[in-house]
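Some notes on the structure that comes next.
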Amino acid sequence: DQQVKQNSPSLSVQEGRISILNCDYTNSMFDYFLWYKKYPAEGPTFLISISSIKDKNEDGRFTVFLNKSAKHLSLHIVPSQPGDSAVYFCATNTGNQFYFGTGTSLTVIP
Amino acid sequence: GAVVSQHPSWVICKSGTSVKIECRSLDFQATTMFWYRQFPKQSLMLMATSNEGSKATYEQGVEKDKFLINHASLTLSTLTVTSAHPEDSSFYICSARGAFGWTEAFFGQGTRLTVV
Numbered sequence: 162d163q164q165v166k167q168n169s170p171s172l173s174v175q176e177g178r179i180s181i182l183n184c185d186y187t188n189s190m191f192d193y194f195l196w197y198k199k200y201p202a203e204g205p206t207f208l209i210s211i212s213s214i215k216d217k218n219e220d221g222r223f224t225v226f227l228n229k230s231a232k233h234l235s236l237h238i239v240p241s242q243p244g245d246s247a248v249y250f251c252a253t254n255t256g257n258q259f260y261f262g263t264g265t266s267l268t269v270i271p
Numbered sequence: 044g045a046v047v048s049q050h051p052s053w054v055i056c057k058s059g060t061s062v063k064i065e066c067r068s069l070d071f072q073a074t075t076m077f078w079y080r081q082f083p084k085q086s087l088m089l090m091a092t093s094n095e096g097s098k099a100t101y102e103q104g105v106e107k108d109k110f111l112i113n114h115a116s117l118t119l120s121t122l123t124v125t126s127a128h129p130e131d132s133s134f135y136i137c138s139a140r141g142a143f144g145w146t147e148a149f150f151g152q153g154t155r156l157t158v159v
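Structural data, given as structure tokens:
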């Protein structure tokens, strides 16, 4: 049973525009959320995180928004760059468990 | 962020042989290590969680006798795929987390295993 869902398997965005990647989760007890970026044949790299006590966390071009009532989080990348093209996984961490979404493949078109 | 090194990055082995994959935390002590498997165009599937000095906890459906995990020290965990078969061909990734209070886990670069 998928605890974390990313319903869009792929997304294409023009360079310079905003990329919005979405993620839904099932358990309201989850209290920490992370985004990872993954290039082919490499391990995921940590990108940004947010605690459930916040509704927004910003780091440079990356902002994560958390809507606890909707059990939804999103990652905004602005402006999008070709180097951002990768698969993005959202994840939640509770206790010693990490649950990953299925990933969204982002393509930034130059 | 913290550095996790996984070795080898790719390996080809014959069916029936065993393959060992190493996962090392280079600049921190990893009290917990996770092993994942990724099938093409699919998410990361957690195989097992290991805490240093204790037996690994395997996810449902993962054969513990086939995928042997050892976490003998705070900086090293190994995954041994025993009696490998072509269907074991996959991308295996480890991640590691430090002591209580760490909220992020850091990943190795992954190992592409091909069983022929």
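Taken in order, these protein sequences are the chains called A and B.
Taking this note's numbering, the leading residue of the first sequence gets 162, the next gets one more, and so forth.
Taking this note's numbering, the leading residue of the second sequence gets 44, the next gets one more, and so forth.
Backbone N, C-alpha and C fix where the C-beta goes; we use that ideal spot for every residue, glycine too.
Please read all numbers here as calculations on a predicted model, not as lab measurements.
What did DSSP end up calling residue 220(A) once you bin it into helix, strand or coil? strand
Are the beta-carbon atoms of residue 89(B) and residue 71(B) separated by less than 8 Å? no
Applying the criterion that 16 or more other CB atoms from any shown protein chain within 10 Å of the CB defines a buried residue, is residue 202(A) buried or exposed? exposed
Interface flag, residue 146(B) vs chain A, CB-CB below 8 Å: yes
With a threshold of 8 Å between beta carbons, is residue 203(A) in contact with chain B? With 8 Å as the cut-off, residue 203(A) counts as an interface residue toward chain B.
List, in chain order, every chain B residue whose beta-carbon is nearer than 7 Å to that of residue 227(A). By Cβ distance, chain B contributes nothing, its closest Cβ being about 14 Å from residue 227(A), past 7 Å.
Output the distance between the C-alpha atoms of residue 159(B) and residue 58(B), rounded to the nearest integer angstrom. Taking the straight line joining both Cα atoms gives about 6 Å.
Secondary structure at residue 65(B), three-state DSSP: helix, strand or coil? strand
Residue 185(A) - DSSP class collapsed to helix/strand/coil: strand
Exposed or buried, residue 254(A), counting other C-beta atoms within 10 Å across all chains shown (16 or more means buried)? buried
Which whole-angstrom value describes the C-beta separation of residue 122(B) and residue 135(B), a residue pair presumed to lie in contact below a C-beta threshold of 8 Å? Contact holds; Cβ gap of about 6 Å.
Between residue 95(B) and the rest of its own chain, which residues show a CB-CB distance below 6 Å, the 5 nearest in sequence each way excluded? Same-chain partners within the cutoff: 74, 114, 117.
Extent of the continuous beta strand (DSSP E) run through residue 195(A): 193 to 199
Beta-carbon neighbours of residue 104(B), restricted to chain A and to distances below 8 Å: None at all; the shortest Cβ gap to chain A is about 13 Å.
According to DSSP, what are the bridge partners of residue 99(B)? Its beta-bridge partners do not exist; DSSP assigns none.
Beta-bridge partners of residue 74(B), as assigned by DSSP: BP columns for residue 74(B) are empty, so no partner.
Look at residue 183(A) and residue 235(A) and say whether their C-beta atoms are less than 8 Å apart. In this structure, residue 235(A) lies closer than 8 Å to residue 183(A) by Cβ.
Are the beta-carbon atoms belonging to residue 246(A) and residue 170(A) less than 8 Å from one another? no
Between the Cα of residue 274(A) and the Cα atoms of 242(A), 250(A), 258(A), 238(A), which residue gives the shortest distance? Nothing can be reported for residue 274(A): it is not among the residues displayed for chain A, which extend from 162 to 271.
Where residue 69(B) and residue 141(B) are concerned, what is the direct C-alpha to C-alpha distance, given to the nearest angstrom? 12 Å
From this set, 148(B), 120(B), 62(B), which residue's C-alpha is nearest residue 93(B)'s C-alpha? 120(B)
Please list the terminal residues of the continuous beta strand (DSSP E) segment that includes residue 94(B). 87 to 94
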